[in-house]
Amino acid sequence: MRIIFSLASLLILIPVLISAQTELNKWEPVKISYELKANKDEPQYSSNGIFTKMLSGTKAVYKFFISDLDGDNCPFHPSCSEFYVESVSKTGLFKGTFMFIDRFTRDLNFFKSREQYKVIKNNKFYDPVEYYISN
Amino acid sequence: MIKNILIIFFTFVTISFSQGINYFSLENRKQFGNFLFESGDFIRANDEYREFLSNQENDTIRVRYAETLFQIERYTEAADYFKSAFYNSSFEDEARLGYFKSLFFAGLYNDFKKDLEIKEYISPVYKNNIMKLNTMTYYLEKNPLPDSTELLSYFEDEARIKMSEFYLRKDIPERKNGTKAALLSALIPGSGKIYLGEYGDGITAFITTGLLTYLAVDNFNAKHKLRGAVFSGLAFLSYVGNIYGTALAAEKFNIGIKVNLDKEIRLYFKENNYFLPEIKY
Amino acid sequence: MRKVILIMLIMSSSIFAQGELKIQKEYADNLFNSGQLFDAITEYKRLQFFDTEGEYRFYSNMKIGESYKGGGRFDDAVTYFANAERTAPNDSLYFNAAINVIRINILRRTNDNAHQLLDKLEKDLRFNDRIDEINYWRGWNYIFEDKWLVASQVFEKIEKNHPLALISKQTDKNKYSVNFAKVISYILPGFGQFYTGNYLSGLMSIGWVGLTGYWTVNSFVEKRVFDGLVIGNLLFLRFYRGNYQNAEQFAIEKNIEVSNKSLINLQNNYQGIKP
Numbered sequence: 000m001r002i003i004f005s006l007a008s009l010l011i012l013i014p015v016l017i018s019a020q021t022e023l024n025k026w027e028p029v030k031i032s033y034e035l036k037a038n039k040d041e042p043q044y045s046s047n048g049i050f051t052k053m054l055s056g057t058k059a060v061y062k063f064f065i066s067d068l069d070g071d072n073c074p075f076h077p078s079c080s081e082f083y084v085e086s087v088s089k090t091g092l093f094k095g096t097f098m099f100i101d102r103f104t105r106d107l108n109f110f111k112s113r114e115q116y117k118v119i120k121n122n123k124f125y126d127p128v129e130y131y132i133s134n
Numbered sequence: 000m001i002k003n004i005l006i007i008f009f010t011f012v013t014i015s016f017s018q019g020i021n022y023f024s025l026e027n028r029k030q031f032g033n034f035l036f037e038s039g040d041f042i043r044a045n046d047e048y049r050e051f052l053s054n055q056e057n058d059t060i061r062v063r064y065a066e067t068l069f070q071i072e073r074y075t076e077a078a079d080y081f082k083s084a085f086y087n088s089s090f091e092d093e094a095r096l097g098y099f100k101s102l103f104f105a106g107l108y109n110d111f112k113k114d115l116e117i118k119e120y121i122s123p124v125y126k127n128n129i130m131k132l133n134t135m136t137y138y139l140e141k142n143p144l145p146d147s148t149e150l151l152s153y154f155e156d157e158a159r160i161k162m163s164e165f166y167l168r169k170d171i172p173e174r175k176n177g178t179k180a181a182l183l184s185a186l187i188p189g190s191g192k193i194y195l196g197e198y199g200d201g202i203t204a205f206i207t208t209g210l211l212t213y214l215a216v217d218n219f220n221a222k223h224k225l226r227g228a229v230f231s232g233l234a235f236l237s238y239v240g241n242i243y244g245t246a247l248a249a250e251k252f253n254i255g256i257k258v259n260l261d262k263e264i265r266l267y268f269k270e271n272n273y274f275l276p277e278i279k280y
Numbered sequence: 000m001r002k003v004i005l006i007m008l009i010m011s012s013s014i015f016a017q018g019e020l021k022i023q024k025e026y027a028d029n030l031f032n033s034g035q036l037f038d039a040i041t042e043y044k045r046l047q048f049f050d051t052e053g054e055y056r057f058y059s060n061m062k063i064g065e066s067y068k069g070g071g072r073f074d075d076a077v078t079y080f081a082n083a084e085r086t087a088p089n090d091s092l093y094f095n096a097a098i099n100v101i102r103i104n105i106l107r108r109t110n111d112n113a114h115q116l117l118d119k120l121e122k123d124l125r126f127n128d129r130i131d132e133i134n135y136w137r138g139w140n141y142i143f144e145d146k147w148l149v150a151s152q153v154f155e156k157i158e159k160n161h162p163l164a165l166i167s168k169q170t171d172k173n174k175y176s177v178n179f180a181k182v183i184s185y186i187l188p189g190f191g192q193f194y195t196g197n198y199l200s201g202l203m204s205i206g207w208v209g210l211t212g213y214w215t216v217n218s219f220v221e222k223r224v225f226d227g228l229v230i231g232n233l234l235f236l237r238f239y240r241g242n243y244q245n246a247e248q249f250a251i252e253k254n255i256e257v258s259n260k261s262l263i264n265l266q267n268n269y270q271g272i273k274p
């Protein structure tokens, strides 16, 4: 009986002993917030060129008058309008526009075949601009 | 008489014990450090060993100290300490392996290769492990791979098969030809995407471009010039956008191949603990 | 004679070892109290290492757990509170350690774990007389799960007018009904938005739904069936759907605001023991 007990306690102890180092720095105390997190993220654009500014302005108007009111229609994240502004801010007006047209066609995809995308929260397909630009 | 002896003895014991139990004495720091080291608390073991080493030299503690630095990911400092145990230490071989392992994890692949040329830096005991690390640096770099015979010669059995598979995939990746795909899309809208395996997107692109073109032609025939012009513009944009999108899709495919292979290689190395042996210092 | 000396020796050594341990404990406590938690853990571990008799084993395990908790390192904290559970010298201290594990689970919102552990304690016959404490933490667990009504009911089991019961009940009352917001917007577009206080959005929804609805009807009236179908499908239905989706979304967002207001209030102003 005793042997069983000591064996059992050994089994409990082992995972504690082999737990890996989790502290890589001397840390400071932190204040832990009780708050629930609202999942809202504001997009940040990579550059601030003139076209980016114009487009993000247009997008804001579109968002205020239409997009905020007509429901959640885009299956992708980032949404098509965000994708447009981001692609222009990264590649310039012409390439950005063509990238957006391509994205819009993929959004339209009549067969809804979207196996190639990673699914993220809210069941959106993750399709950021960076995936299409090699550095 | 007995009383006196007892008193003297008691005082003696008191003094000796009160001096003996200093938890911060060097010896006790070492003991406590070893306890922390073995329980995996390397950051605290590091502190104890540092105090110890600043007062006393000990070859075991020196390599252990280096190992704690390695474990808390201060790789360049770890490399320096391992290097300081290359000579006159009972862990000369382990220190050399530790040194190369630290350089490897610090990502200092150039230094790694430079020091590999120095014959006496290489431990005969762990030569195989060091050379394996060397091979892995090539797999993790962006540069083209050198000849495979030398690279793979240190691996055996299953590892060798896996490593040569990675070698082939890294050397000759199954890339899609972006130009070819774009040309196809220029001939027949959407066909480039079908070539890339994205059938739904390809057919959609074909239908939208076709539909817009039909609407443009139809409106021109019906003498609706403005509408015709608008639809022509849209058809053109759709056509060009699709060609560009096809080239991008190929690009994305190729980036994906590279990224995935890289991930797979890293995971494989990690799962095999970088082919490092378990060392008792 | 020899025996006496030997006994004296052992006694004195153990007495002095004890004295040293006590000093070490106080040193560690000072670090802990002054908020130097990382160093406090080192010293508690040192205490544990030299405390071969295990006199402070439980105490130091608890303190290490609390220190890790203070650093927001919940996994490590759970490890040490669980160690404390194993090394608890009596049932009462065991209970304390177990509650601490539960509090971590509440705080990091692994609420299912917390419920399971609370169930385990509740079933344990040794702790029949501590049901109030178990309920108290169960209530907190429901609060962190954002289930304020259930929380208030659990607190009421302890005491009819338990302050936390009142706060939970009030929070639940302040919440918006997500279903009501959605359903009212099904029937009267824009009204769900009014209900949650988003008047501009509500008005704009009414405008769009009204306008596109008019176009659709107008097309059918003028016998342009194709136009009617297209406008109805692509515009009217789209804005109608957006309308009730928004009402639902606003209610959810407002509810998070309501919950957070109560949570912040509890964190800053509630005087009793907190997770």
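Residue numbers (numbering that gives the first Met the number 0), protein chains in the order written: chain A, 0 to 134; chain B, 0 to 280; chain C, 0 to 274. Even glycine gets a Cβ: it sits at the ideal position worked out from N, Cα and C.
Contacting residues, own chain, Cβ-Cβ under 7 Å from L16/A (five flanking each side not counted):
Any reading at L16/A must be qualified, since the residue scores a pLDDT of 41, below 50, and its modelled position is unreliable; the value itself is stated next. Contacts found: none.
Whole-angstrom distance between G201/C and G189/C, CA atom to CA atom
Their backbone Cα atoms lie some 4 Å apart in a straight line.
Give me the chain A residues within the contact set of N245/C, using Cβ-Cβ distance strictly less than 8 Å, ordered along the chain.
D67, L68 and G70
Distance CB(N24/A)-CB(T203/B) smaller than 8 Å:
no
Taking I171/B as part of the beta strand (DSSP E), name the residues at either end of that continuous run.
Looking at the DSSP string, I171/B is not in any beta strand (DSSP E), and its letter there is neither H nor E.
Between Y280/B and E37/B, what straight-line distance do the alpha-carbon atoms span, to the nearest angstrom?
For the pair Y280/B and E37/B, the Cα-to-Cα distance works out to about 11 Å.
Residue from F238/C, L120/C and T215/C with nearest C-alpha to W136/C
The option with the nearest alpha carbon to W136/C is L120/C.
Can you give me the Cβ contacts of I121/B inside the same chain, cut-off strictly under 8 Å, excluding the 5 residues immediately before and after it?
Excluding positions up to five away in sequence, the list reads R95, L115 and I129.
Distance, N33/B Cα to N272/B Cα:
23 Å
Assign S32/A to one of two classes, buried (16 or more other C-beta atoms within 10 Å of its C-beta) or exposed (fewer than that).
exposed
Going along chain C, which residues have a C-beta under 7 Å from I160/B?
Those within 7 Å of I160/B in chain C number zero; the least Cβ separation is about 38 Å.
Which one or two residues does DSSP pair with F75/A in a beta bridge?
F124/A
Near A77/B, what residues of its chain come up, given a Cβ to Cβ distance below 6 Å and the 5 sequence neighbours on each side ignored?
A65, L68, F69 and S101
Bridge partners of V118/A, per DSSP?
Answer by DSSP bridge pairing, in chain order: F124/A.
Burial state of V62/B (16 or more Cβ within 10 Å)
buried
Nearest-angstrom Cα distance between G191/C and I65/A?
18 Å
Identify every run of the alpha helix (DSSP H) within the region 31 to 70 of chain B, keeping only runs that are complete inside it and at least 4 residues long; order them along the chain.
41 to 52 and 58 to 70
Buried or exposed for S91/C, going by 16 or more other Cβ atoms inside 10 Å?
exposed
Would you say Y355/B lies against chain C (beta-carbon separation less than 8 Å)?
Nothing about residue 355/B can be read from this structure; chain B reaches only from 0 to 280.
Which residues, taken in chain order from the region 30 to 54 of chain C, show a beta carbon closer than 7 Å to some beta carbon of chain A?
G34, L36 and F37
Can you pull the chain B residues whose beta carbon is under 7 Å from the beta carbon of M53/A, in chain order?
Near M53/A there are no residues of chain B at all, since even the closest Cβ is about 18 Å away, more than 7 Å.
Proximity below 8 Å, CB of T324/B to CB of A105/B
With chain B running from 0 to 280 in the structure shown, residue 324/B is simply not present.
Below 8 Å on C-beta distance, what does L107/A contact in chain B?
Close to L107/A, with beta-carbon spacing below 8 Å, are these residues of chain B in chain order: T203 and T207.
For E25/C, which residues in chain A fall below 8 Å Cβ to Cβ?
Simply none; closest approach about 20 Å.
Hey, would you say Y125/A sits closer than 8 Å to Y131/A, going by beta carbons?
no
Is it the case that the region 50 to 61 of chain C contacts the region 15 to 33 of chain C, given that we only count it when at least three CB pairs across the two stretches are under 8 Å?
Yes, since at least three Cβ pairs between the region 15 to 33 of chain C and the region 50 to 61 of chain C fall closer than 8 Å, the two stretches touch.
Given a cut-off of 8 Å, decide if R174/B and I256/B are closer than it, judged by their beta-carbon atoms.
yes
Hey, would you say D106/A sits closer than 8 Å to F238/C, going by beta carbons?
no
C-alpha distance - G232/B paired with F97/A, whole-angstrom precision:
Each residue's Cα considered, the two are about 13 Å apart.
Is E76/B close to chain A, meaning its C-beta is less than 8 Å from at least one C-beta of that chain?
Judged by the 8 Å Cβ criterion, E76/B is not in contact with chain A.
Kindly confirm or deny that the region 121 to 132 of chain C and the region 104 to 112 of chain C touch, where touching means at least three C-beta pairs closer than 8 Å.
no
If you reduce the DSSP assignment to three classes, tell me which class A164/C lands in.
helix
To the nearest angstrom, how far is it from the Cα of G206/C to the Cα of G231/C?
15 Å
Proximity test, Cβ basis, 8 Å: L12/A and chain B:
Low confidence applies here, because L12/A scores a pLDDT of 43, under 50, leaving its location unreliable; read the following figure in that light. So, not an interface residue.
Counting C-beta neighbours from all protein chains within 10 Å, is the total for I11/A 16 or more, i.e. buried, or is it exposed?
Per-residue confidence for I11/A stands at a pLDDT of 44, beneath the threshold of 50, marking its modelled position as unreliable; no derived number is given.
Using a Cβ-Cβ distance cut-off of 8 Å, determine whether Y213/B contacts chain C.
no
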